[in-house]
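Participant:
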Amino acid sequence: MSEPRIFLDPTSERRLAQRPRLARLRTLQGVTVGLLDIAKPRGDRFLDRIAERLASAGATVQRYRKPTFTKPAPIDLRQQIAVQCGAVVEALAD
Amino acid sequence: MDAASRPPLPNGLVAFVKRACPTCEVVAPVLAQLASEASLPLTVYTQDDPAFPVEVQPAARADDTSLEVSWHHQIETVPTLLRVEHGVEQERLVGWVRAEWRALTGVAGLGSGLPEWRPGCGSLSVDPDLAPELAVRFGAAKLRARRVELAALEDEMEAAYARGWTDGLPITMPTEKRVLAMLAGTTRAPQDVVATVPPDLVECTVEKVAINAVMAGCKPEYLPVVLAAVEAACTSEFNMHGLLATTMPTSPVLIVNGPIRRAIGMNAGINVFGQGCRANLTIGRALQLVVRNVGGGRPGEVDRATFGNPGKIAFCFPEDEEGSPWTPLSSDFGFAPGTNTVTLFPGEAPRSIVDQLSRDPESLARSFAVCLRTVHHPKLPLVFDAILAVSPEHARVFREAGWDKQKLIARLHELLMLHGAEIVRGAGGIAEGAPEQFANATLPKFRAGGLLVVHCGGGAGLFSSIIGGWANGAIGSTPVTREIAA
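Protein chains in written order, with my numbering: chain A, 1 to 94; chain B, 1001 to 1486.
#1: For a contact meaning CB atoms closer than 8 Å, what does B:V1202 contact in chain A?
#2: Would you say B:I1283 reaches chain A, if we count a Cβ-Cβ gap shorter than 8 Å as a contact?
#3: A:M1: buried (16+ other C-beta within 10 angstroms of its C-beta) or exposed?
#4: Going by other Cβ atoms of all chains shown within 10 Å of its Cβ, with 16 needed for buried, is B:L1034 buried or exposed?
#5: Excluding five sequence neighbours on each side, which residues of the same chain lie with their C-beta closer than 7 Å to the C-beta of B:L1462?
#6: For chain A, find out if any of its Cβ atoms is closer than 8 Å to the Cβ of B:I1313; answer yes or no.
#7: Among A:S12, A:L77 and A:A91, which one has its Cα closest to the Cα of B:G1164?
#8: Residues in the region 1156-1189 of chain B with C-beta within 7 Å of chain A's C-beta atoms, listed in sequence order?
#9: Of all the options B:A1474, B:V1056 and B:V1230, which has the alpha carbon lying nearest to the alpha carbon of B:V1383?
#10: Does the beta carbon of A:I6 come closer than 8 Å to any beta carbon on chain B?
#11: Spell out the partners DSSP gives B:H1072 in its beta bridges.
#12: Helix, strand or coil for B:R1178 per DSSP?
#13: Does DSSP classify B:L1143 as helix, strand or coil?
#14: Within 10 Å of its beta-carbon, does B:A993 have 16 or more other beta-carbons around it, so buried, or fewer, so exposed?
#15: Would you say B:F1333 lies against chain A (beta-carbon separation less than 8 Å)?
#16: Are the C-beta of B:P1008 and some C-beta of chain A separated by less than 8 Å?
#17: Please work out which residues of its chain come closer than 7 Å, Cβ to Cβ, to B:P1170, disregarding the five sequence neighbours upstream and downstream, and give them in chain order.
#18: Smallest Cα separation from B:V1126: which of B:A1233, B:Q1074, B:D1385 and B:V1084?
#19: Can you tell which of B:V1209, B:L1244, B:R1178 and B:L1412 has its C-alpha closest to the C-alpha of B:P1190?
#20: Taking A:D76 as the query, report the chain E residues whose CB atoms sit under 8 Å from its CB, ordered along the chain.
#21: Please go through the same chain and pick out, in chain order, the residues whose beta-carbon is closer than 6 Å to the beta-carbon of B:M1001, but skip the five residues on each side of it.
#22: Excluding the five sequence neighbours on either side, which residues of its own chain have a C-beta within less than 7 Å of the C-beta of B:P1259, listed in chain order?
#23: In terms of alpha-carbon separation, which member of B:G1274, B:T1023 and B:L1067 lies closest to B:G1120?
#24: Less than 8 Å between CB atoms is the rule here; does B:G1296 satisfy it with respect to chain A?
#25: Of all the options B:R1285, B:M1173, B:A1434 and B:C1456, which has the alpha carbon lying nearest to the alpha carbon of B:I1313?
#26: Check B:G1429 in the structure and name its three-state DSSP category.
#27: What are the residues that DSSP puts in a beta bridge with B:T1442?
#28: Inspect the beta-carbon positions of B:V1225 and B:V1256 and report whether they are closer than 8 Å.
#29: For A:V61, tell me which candidate among A:K71, A:D37 and A:P67 has the shortest Cα-Cα distance.
#30: Mind pulling the chain B residues with CB within less than 9 Å of A:P20?
#31: Quick check on B:A1020: does DSSP put it in helix, strand or coil?
#32: Excluding the 5 residues flanking B:S1331 on each side, which residues of the same chain have their C-beta closer than 6 Å to its C-beta?
#33: Under 8 Å, do B:G1469 and B:T1250 count as touching if we go by C-beta distance?
#34: In this structure, does DSSP put A:R65 in helix, strand or coil?
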């Protein structure tokens, strides 16, 4: 782990330094939920089951897959998920 | 430095030494002599080897290998000898000067076997390899700005863009180390309030200006100019809020006068309004970043400019005083020549006047006048000020004819008296123009004092330049000059 990178805020500090998380979904009905397979073995098995559960709760499921679990998701993939989904589940499985 | 956070000094005689200093080695027996003979107690702070000097009892030695005591008490040389009473330094000697050491300590036979004089060595606390880190370790507490820590996977530059800190160009990331180095450029305290910055009307400290100056790419020696510019911009006369909010393409233009121009490497010559000079560009940019980040003035929000202009990234230049036939611009605002000043003008982008044939001042003044008449619209009188930037080759024509700046300005005003019939609404088949009631009047293009003349630019080229202004006077903005303080 490298040294923390700390900078001085150049602004009036009226905005939060860290953005709050988005509000949690109240319902899955009609929501498109992305399932991101990080490409670790058997992650798909886990996500298959999650997909069934989500579908039965009324969600539309979209499946995505990272090229490799060793690297962050490519920016195109992240943007695609952000545009297409109301929520995303990322599965880590071994 | 905040006195409360600095380590106190013991009373009596206090010496700072390091083993690596030959003069400290020479002085070591003297320190032992002081420990036994002086009436005041002795403390020896050792910067590199806590066992040094062996001649002094361990109880009288203090470990300052962290350099905290040396740094806080501004020790620049070793050996340094202080006399301290009630925790307050009374006297200070640097290096070894026998007579002075005897006088300060009251020990008559001190160092009788030593040479009379030996220069000291640099204190480790000011070692150029260590000083920046020490400044952060011991000095960062004086910085009050919120710390922003990036997540492990965040790219620094992307993080700066994502947080809206930049004008669209990359910035220098404002680390504690860089901001502390920037603050060394001014004698002002970091928490001094420089101005209340529009549009959010936020009190802006020297520290916040320094942070934005780092981001703009300034060197510490530019900071006094930036501070004066921020102050000038945020006056009610200059009206930064209105200038930011206007749909017109104007923004602060900074003109620097005085010896500081050359001291910090500003460019008044070739390509004076263009790229290539760090001081010109980063000073102008620092002001814009302060307005953006501290004031909250961003395009599309309070900044409503229809077109804007490239100078809204940075537009700052010095006058070429040395080559000028005239008094500097600052003297038109009441400052003695030789005073360091910055003048803020609400200006648009510069445009060129080409006149390669006039060799007499009357002809050249007429060229200037017909071009100046077009500022914003040839049929609009009195509303807008302008800067006329005269190049060295054009200025030579006036120099040789003996025209001072007042004579040129007076002639331009005469040539720019506009006949009402030509400029009222509808005249020339153009709806824009002065109100009908002025049809029989004669109106000046510029108000008195509304035409500013500066001398700058490269040595070759029979061109001058116009920087048009914004709505002038109380309804808009008035140029403001501020002295640049150290």
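Glycine included, each C-beta is placed from N, C-alpha and C at the ideal position. Treat the numbers as computed from the prediction; the structure is a model and nothing was measured.
Facilitator: Here's the rundown:
#1: S12 and R14
#2: no
#3: Confidence in A:M1 is poor, its pLDDT being 48 and thus under 50, which makes the residue's placement too unreliable to answer from.
#4: buried
#5: D1355, Q1356, E1393 and H1394
#6: no
#7: A:S12
#8: E1156, W1165, M1173, P1174, T1175, E1176 and V1179
#9: B:A1474
#10: yes
#11: Answer by DSSP bridge pairing: none, since B:H1072 is not bridged.
#12: helix
#13: coil
#14: Because chain B is modelled from 1001 through 1486, residue 993 of chain B falls outside the range shown and cannot be assessed.
#15: no
#16: no
#17: M1157
#18: B:Q1074
#19: B:V1209
#20: Among the chains of the structure shown, chain E does not appear; the protein chains present are A and B.
#21: With a pLDDT of 45 at B:M1001, under the threshold of 50, the modelled position of this residue cannot be trusted; read the value that follows with caution. So no residue of the chain qualifies.
#22: G1338 and N1340
#23: B:T1023
#24: yes
#25: B:R1285
#26: helix
#27: B:H1419
#28: yes
#29: A:D37
#30: Ordered by position in chain B, no residue passes the 9 Å Cβ test against A:P20, which lies about 15 Å from the chain.
#31: coil
#32: P1337
#33: yes
#34: strand
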